[in-house]
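Pasting the structure below:
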């Protein structure tokens with residue numbers, strides 16, 4: 457073990473851990489910490505694909521993008537881009553894995569900073585897509601479900617980071633996935649080649665279809681009869697893409713995939729789920745996040761996966777199975793951190809808080825702050841110090857609240873929760889503001905901190921008379937607890953439902969806080 461690296465690990469995660477330790481709570485925390493320490497102490501392999509997979513896992517564990525190891529991986533990825541084309545180190549089948557994960561890694565490192573690189577990687581993935589919609593090893597064109605999964609994941613993360621990705625790529629992929637699905641709803645590695653169907657590959661196919669659906673959704677909507685009350689989804693003069701696949705076909709195929717998983721994903725012998733249990737679990741997490749499912753076949757898939765991962769962690773903090781220690785340790789951490797759910801939540805927050813104004817909702821009073829980006833009406837983010845943005849939000853006389861909020865969210869996505877933490881006490885005070893919009897912003901910001909001591913404040917906010925404040929408080933608790941669906945309350949909840957949700961969230965908080973913990 458590199459002694460200098462070990463010193464860095466102790467400094468980051470030892471007796472006085474920084475922000476990271478405050479963002480991890482619950483029974484997963486010590487397991488994740490040991491996994492992080494292992495990845496940080498390991499000498500990253502020369503295989504860049506494994507390196508960026510490990511880097512993605514560290515980012516999902518809230519390791520800051522400024523970490524020297526992560527910055528070194530960025531430089532290696534950048535070095536593979538020449539004339540707008542990304543060339544993988546091993547340009548066979550594993551090259552598509554590397555390329556897709558490189559896109560995911562850069563998107564989570566900072567979409568604004570690395571957008572040119574993301575554009576090049578996305579174009580490379582599209583160029584490598586076969587005419588039938590799949591991705592495969594070089595010299596093959598019938599399709600590989602696993603490789604296709606990582607290409608779709610890379611394009612998804614890039615597209616939701618502001619990169620222009622041709623929707624035809626998702627359309628072609630969806631058509632291939634539907635055509636390669638078995639009649640019983642499952643998928644195999646290479647369609648037509650007689651391999652056994654597995655939960656691992658079925659999760660890959662189902663998750664990929666759900667991503668394609670999310671990326672084609674606005675194009676399906678654009679084909680519906682227009683409403684005079686709706687703001688167009690596309691700028692004037694820009695024709696929407698007309699998918700060849702239908703929404704009904706994708707939804708039906710994905711539904712069959714989820715149903716098959718509910719019957720065949722086993723918790724009795726996890727090794728039956730595919731070549732690597734950890735790879736399979738990462739796929740199951742993706743389906744759970746994208747399909748909003750906390751249970752499969754009547755049991756809690758996360759609890760089952762957590763139990764397996766906990767009991768099989770090695771003494772050095774790693775996990776191992778087929779495909780090696782680094783990939784399996786990364787997949788285990790991606791599962792434990794509900795990494796896909798993090799991406800989904802980030803997309804939802806970005807679309808809401810950056811000022812999406814479909815249907816005339818939330819139209820700012822100052823129209824000079826508007827611009828059109830990516831086919832949607834957006835609020836131009838405010839520039840400058842984050843303290844100034846918060847001052848605008850605190851000022852009831854200001855008409856720049858939308859721009860300040862957009863700037864606040866942009867800074868958060870670019871730099872992480874650290875930009876919000878110095879203003880924590882001011883956000884706490886803003887939770888008592890008379891303006892419900894200010895309370896909603898405060899609930900959003902406090903929820904993003906990931907600090908356990910704000911849970912009681914968010915639980916209290918579930919009783920707020922404004923539904924937007926309740927929604928942001930609920931989202932913050934889901935983020936903090938890593939519970940995708942959480943305990944509600946649902947939109948339009950009755951007083952009894954609200955009271956029940958408050959009790960359930962309070963019970964979670966009581967179980968999550970360490971002995972002797974005080975929120976005062």
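Numbering (my numbering), first residue to last: 457 to 976.
Backbone N, C-alpha and C define an ideal beta-carbon position, used for all residues, glycine too.
According to the Cβ coordinates, are residue i and residue j closer than 9 Å?
i           : j           : result
residue 496 : residue 514 : yes
residue 872 : residue 899 : no
residue 625 : residue 582 : yes
residue 541 : residue 558 : no
residue 544 : residue 782 : no
residue 621 : residue 664 : no
residue 886 : residue 905 : no
residue 659 : residue 604 : no
residue 537 : residue 577 : yes
residue 935 : residue 903 : yes
residue 588 : residue 642 : no
residue 884 : residue 913 : yes
residue 735 : residue 656 : yes
How big is the Cα-Cα spacing for residue i and residue j?
i           : j           : result
residue 775 : residue 539 : 38 Å
residue 901 : residue 637 : 42 Å
residue 567 : residue 574 : 8 Å
residue 556 : residue 648 : 25 Å
residue 918 : residue 780 : 45 Å
residue 746 : residue 525 : 30 Å
residue 485 : residue 703 : 39 Å
residue 773 : residue 502 : 21 Å
residue 993 : residue 795 : Missing from the structure shown is residue 993; the chain here goes from 457 to 976 and no further.
residue 951 : residue 929 : 16 Å
residue 764 : residue 915 : 31 Å
residue 896 : residue 628 : 40 Å
residue 787 : residue 677 : 35 Å
residue 653 : residue 623 : 29 Å
residue 760 : residue 696 : 43 Å
residue 927 : residue 921 : 11 Å
residue 709 : residue 882 : 48 Å
residue 748 : residue 924 : 21 Å
residue 506 : residue 550 : 10 Å
residue 632 : residue 597 : 11 Å
residue 907 : residue 966 : 14 Å
residue 531 : residue 522 : 13 Å
residue 504 : residue 713 : 32 Å
residue 964 : residue 579 : 44 Å
residue 601 : residue 662 : 10 Å
residue 586 : residue 547 : 15 Å
residue 672 : residue 619 : 15 Å
Beta-carbon within less than 6 Å of residue i's beta-carbon, same chain only, minus the 5 sequence neighbours each way: which residues are those?
i           : result
residue 482 : 968
residue 752 : 717, 718 and 721
residue 879 : 846
residue 830 : The pLDDT assigned to residue 830 is 40, lower than 50, so where the model puts this residue is not dependable; a value taken from the coordinates is nonetheless given after this. Answer for residue 830: no residue qualifies.
residue 738 : 787, 790 and 791
residue 870 : 566 and 568
residue 651 : 644 and 645
Which two residues bound the contiguous alpha helix (DSSP H) that contains residue i?
i           : result
residue 582 : 571-583
residue 494 : 484-497
residue 649 : Where residue 649 is concerned, there is no enclosing alpha helix (DSSP H), given that its DSSP letter is neither H nor E.
residue 738 : 733-746
residue 962 : 951-968
residue 765 : 757-767
residue 707 : 703-720
residue 627 : 623-636
residue 533 : 524-534
residue 876 : Looking at the DSSP string, residue 876 is not in any alpha helix (DSSP H), and its letter there is neither H nor E.
residue 776 : Residue 776 -> no alpha helix (DSSP H), and no H or E assigned at all.
residue 943 : No alpha helix (DSSP H) holds residue 943; DSSP gives it neither H nor E.
Among the residues of its own chain, which have a CB less than 7 Å from the CB of residue i, if the five just before and after it don't count?
i           : result
residue 768 : 775
residue 492 : 469, 514, 517 and 519
residue 954 : 918, 919 and 945
residue 490 : 769 and 773
Near residue i, what residues of its chain come up, given a Cβ to Cβ distance below 8 Å and the 5 sequence neighbours on each side ignored?
i           : result
residue 797 : 741, 744, 745, 938 and 940
residue 675 : 623, 696, 697, 698 and 699
residue 512 : 557, 560, 561, 564, 786, 790 and 795
residue 683 : Residue confidence for residue 683 is low, a pLDDT of 44 falling below 50, so the modelled location carries little weight and cannot support an answer.
Beta carbon of residue i: closer than 8 Å to some heavy atom of the ligand MG?
i           : result
residue 924 : No copy of the ligand MG occurs in the structure displayed, which carries no ligand at all.
Count Cβ pairs between the region 558-571 and the region 607-627 that sit closer than 8 Å; are there 3 or more? The region 558-571 vs the region 607-627: in contact.
Specify whether the region 957-964 and the region 929-946 touch according to this definition: at least 3 beta carbon pairs, one from each stretch, less than 8 Å apart. With contact defined as three or more Cβ pairs closer than 8 Å, the region 957-964 and the region 929-946 are in contact.
Pairing CB atoms from the region 586-594 with CB atoms from the region 664-675, are three or more of them under 8 Å? As far as the Cβ criterion goes, the region 586-594 does not touch the region 664-675, which means the pair count is below three.
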